[in-house]
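Notes to accompany the following structure.
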Amino acid sequence: SEQEQILLWMNNFNFLKDNNLSLIQKEKDLFEKDLKDLREIFKKNAFEIGIWWFSKEKEDLEKRINESLK
């Protein structure tokens, strides 16, 4: 019936909305983590940044940022 179709559509819409909101929240959390990591880099002196530049930490941050920008 029409009423059942409307209920089904509403349930599907709610499911999609909830999944989309959780994805947005996950992306926001990752973005905040990346910003916090950048803030920590700004606290380093030139020598520490030189060491960091060749670290796995830098490589991981760069990968996360590149993934976010795709």
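The sequence shown begins at -8 in our numbering and counts up by one.
The C-beta atom is built at its ideal place from N, Cα and C for all residues, glycine as well.
All values reported here derive from a predicted model rather than from experimental measurement.
For residue i and residue j, what's the separation of their Cα atoms in angstroms?
i: Asp28; j: Glu48; result: 9 Å
i: Gly41; j: Ile32; result: 11 Å
i: Ile(-3); j: Asn3; result: 10 Å
i: Ser46; j: Glu53; result: 11 Å
i: Asn11; j: Met1; result: 15 Å
Start and end of the alpha helix (DSSP H) containing residue i?
i: Leu60; result: First-last for Leu60: undefined, no H or E at that position.
i: Lys35; result: Taken as a continuous stretch (DSSP letters only), Lys35 belongs to no alpha helix (DSSP H), as it is neither H nor E.
Residue i and residue j look like a contact to me (Cβ under 8 Å); what is the Cβ gap, rounded to whole Å?
i: Asp20; j: Arg55; result: 12 Å between Cβ atoms; not a contact.
i: Trp44; j: Lys35; result: No, Trp44 and Lys35 are not in contact; Cβ-Cβ is about 10 Å, not under 8 Å.
i: Phe22; j: Ser59; result: 7 Å
By the three-class DSSP mapping on this structure, what secondary structure does residue i have?
i: Phe4; result: helix
i: Ser13; result: helix
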